[in-house]
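For the sequence shown, position 70 matches number 70 in UniProt numbering, and the numbering has no gaps at all.
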Amino acid sequence: MKTALLRPDLITLKSNVQTSGKLTFFEGSEAFPFPIKRSFWISGVPEGEQRGVHAHKREKQMLICLHGKVRVNLEALDKKQFEIVLDQPDKALVLPPLIWSSVTFGKGAVLLVLADQAYDEHDYIRERAQFEAMQEVFSRNIKPQDG
Numbered sequence: 001m002k003t004a005l006l007r008p009d010l011i012t013l014k015s016n017v018q019t020s021g022k023l024t025f026f027e028g029s030e031a032f033p034f035p036i037k038r039s040f041w042i043s044g045v046p047e048g049e050q051r052g053v054h055a056h057k058r059e060k061q062m063l064i065c066l067h068g069k070v071r072v073n074l075e076a077l078d079k080k081q082f083e084i085v086l087d088q089p090d091k092a093l094v095l096p097p098l099i100w101s102s103v104t105f106g107k108g109a110v111l112l113v114l115a116d117q118a119y120d121e122h123d124y125i126r127e128r129a130q131f132e133a134m135q136e137v138f139s140r141n142i143k144p145q146d147g
């Protein structure tokens with residue numbers, strides 16, 4: 001049995017650029033791979049500090065850096081790692097569940113997070129050891145592809 005892993009995806013949101021500025025937007029559900037049930041933003045984080053440092057069991061998220069720059073470090077169940085810099089408000093990072101993430105904030109960064117779930121503390125994987133145990137189970141259960 002083959003197990004498909006969902007991967008993070010960087011998408012570009014629609015923008016209208018004029019001499020008076022840039023308007024970035026989304027309408028309806030066309031830009032989203034999931035319905036939005038919760039939104040929050042993080043600001044006032046000292047430069048170089050990390051937020052996140054957890055995974056979700058079911059929740060999907062979209063991260064948009066509205067101002068400044070954030071560096072997002074990710075690790076999937078198969079231990080594949082990703083580093084994505086968000087520094088434009090028209091770039092959105094879609095995170096599937098079961099991705100360990102940490103976000104390092106640049107000076108003055110403001111990060112908007114859109115989620116497909118209402119807040120549920122039980123959905124969080126906050127202990128790195130718990131996530132690593134899930135990675136171990138995943139690695140034992142995955143079958144190599146015939147090639």
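The C-beta atom is built at its ideal place from N, Cα and C for all residues, glycine as well.
Distance, Cα to Cα, residue i vs residue j?
i, j, result
"Pro46", "Phe105", "7 angstroms"
"Ser15", "Phe26", "9 angstroms"
"residue 148", "Asp78", "Lying outside 1 to 147, the shown extent of the chain, residue 148 is not represented and no answer is given."
"Glu132", "Glu83", "19 angstroms"
"Val113", "Ile142", "31 angstroms"
"Ser101", "Val17", "32 angstroms"
"His56", "Gln88", "25 angstroms"
"Arg38", "Arg58", "14 angstroms"
"Val85", "Leu95", "14 angstroms"
"Asp120", "Pro8", "22 angstroms"
On the three-state DSSP scale, how would you describe residue i?
i, result
"Ser20", "coil"
"Ser43", "coil"
"Phe138", "helix"
"Ala115", "strand"
"Glu83", "strand"
"Thr131", "It should be noted that the sequence gives Phe, not Thr, for residue 131. DSSP places Phe131 in helix when its eight states are reduced to three."
"Phe25", "strand"
Who are residue i's beta bridge partners in DSSP?
i, result
"Ala92", "Ile11 and Ile64"
"His56", "Tyr124"
"Glu75", "Gln81 and Trp100"
"Phe32", "Beta-bridge pairing links Phe32 to no other residue."
Would you mind sorting residue i into buried or exposed? The rule is 16 or more other CB atoms within 10 Å of its CB.
i, result
"Gly52", "buried"
"Val103", "buried"
"Gln130", "exposed"
"Gln81", "exposed"
"Leu23", "exposed"
Open item on the list: Using 8 angstroms as the cut-off, can you tell me whether the segment 99-119 makes contact with the segment 60-79, which would need three or more C-beta pairs spanning the two stretches below that distance?
Closed with: Taking a cut-off of 8 angstroms for Cβ pairs, the segment 99-119 and the segment 60-79 touch, as three or more such pairs fall below it.
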